Amino acid sequence: MLRTFVPQVCFQEVPQEISLGFLCTGCQIGCRGCHSPQLWDENKGEPLTLLTFSKWLVQYQGLITCVVFFGGEWEEVLLIQLLKEAKLQGLKTCLYTGRNDVSMSLKAQLTYLKTGPYIDTLGGLETPNTNQRFIELSTGQLLNAHFLKE
Ligand code: SF4
Numbered sequence: 133m134l135r136t137f138v139p140q141v142c143f144q145e146v147p148q149e150i151s152l153g154f155l156c157t158g159c160q161i162g163c164r165g166c167h168s169p170q171l172w173d174e175n176k177g178e179p180l181t182l183l184t185f186s187k188w189l190v191q192y193q194g195l196i197t198c199v200v201f202f203g204g205e206w207e208e209v210l211l212i213q214l215l216k217e218a219k220l221q222g223l224k225t226c227l228y229t230g231r232n233d234v235s236m237s238l239k240a241q242l243t244y245l246k247t248g249p250y251i252d253t254l255g256g257l258e259t260p261n262t263n264q265r266f267i268e269l270s271t272g273q274l275l276n277a278h279f280l281k282e
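Here is the structure:
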């Protein structure tokens, strides 16, 4: 079971894409200084099934180019189903995970992957010393530079 908050359109989380972002609850990583502690409680949010996900995609058809999941890798079988559905609809796919890596089967369904926990002394993607990595998986290209603050 995957629970998420109502998805929001986001413009900055995936470079050069207009994304529909799904914030998944139940994150177990517990980064100190986490900006989204509301995601820790697995009972928050509403269940996201293939059916409800497909309805969201219909609602945003023509308005988005990508879907991004913030967490959800702990429900891998379901997440893979959802990513496949997004790809069938012609969308790119992205996962923000606090882990340092995810499985090959998950990566096979992803266009972009952001890895790494938030470490407050290193900062997030907008800082040059971050431990986090934002990668375009087909090319292996690191896209962190898109997030750096001027
Ligand atoms: S992975 Fe993200 S949501 Fe989870 S604790 Fe770390 S910063 Fe918070």
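As numbered in the working numbering, residues 133 to 282 make up the sequence shown, in order.
We put the CB at the ideal spot given by N, CA and C, even for glycine.
Bear in mind the structure is a predicted one, so any value in this text is a computation, not a measurement.
Same chain, Cβ closer than 8 angstroms to Leu269, neighbours up to 5 away in sequence not counted: Within the same chain, Leu269 has close Cβ partners Lys239, Leu242, Thr243, Tyr244, Leu245.
Residue from Asn175, Ile150, Gln213 with nearest C-alpha to Gln160: It is Asn175.
Pick from Glu217, Ile251, Gln170 that is closest to Thr136, judged by C-alpha positions: Closest in alpha carbon position to Thr136, among Glu217, Ile251, Gln170, is Gln170.
6 angstroms CB neighbourhood of Tyr192 in its chain, flanking five on each side removed: Excluding sequence neighbours, Tyr192 sits near Leu152.
For Pro179: DSSP bridge partner residues: Per DSSP, Arg135.
Cutoff 7 angstroms; reference Cys166; Cβ partners in own chain excluding five residues on either side: Result list for Cys166: Tyr250, in chain order.
Neighbourhood of Gly256 by C-beta, 7 angstroms cutoff - its chain only, sequence neighbours within 5 removed: If the five residues before and after Gly256 are omitted, its C-beta is found closer than 7 angstroms to the C-beta atoms of Tyr250, Thr262, Gln264, all from its own chain and listed in chain order.
beta-carbon Gly177 near ligand 1 non-hydrogen atom, thresh 6 angstroms: Checking the Cβ of Gly177 against ligand 1 gives no.
Option nearest Glu217 by Cα separation, candidates Val190, Ile150, Gly194: For the options Val190, Ile150, Gly194, the alpha carbon positioned closest to that of Glu217 is the one of Val190.
Leu155 versus Phe143 - alpha carbon distance: Each residue's alpha carbon lies about 15 angstroms from the other.
Start-to-end residues for the alpha helix (DSSP H) that takes in Lys216: Element bounds for Lys216: 208–220.
Beta-carbon contacts of Gly162 that lie in its chain and below 8 angstroms, excluding the five residues immediately before and after: Listed in chain order, the non-local C-beta contacts of Gly162 below 8 angstroms within the same chain comprise Trp172, local neighbours out to five positions each way being set aside.
From Leu223, Ser186, Arg231, residue whose alpha carbon lies closest to that of Gly204: Nearest C-alpha to Gly204: Arg231.
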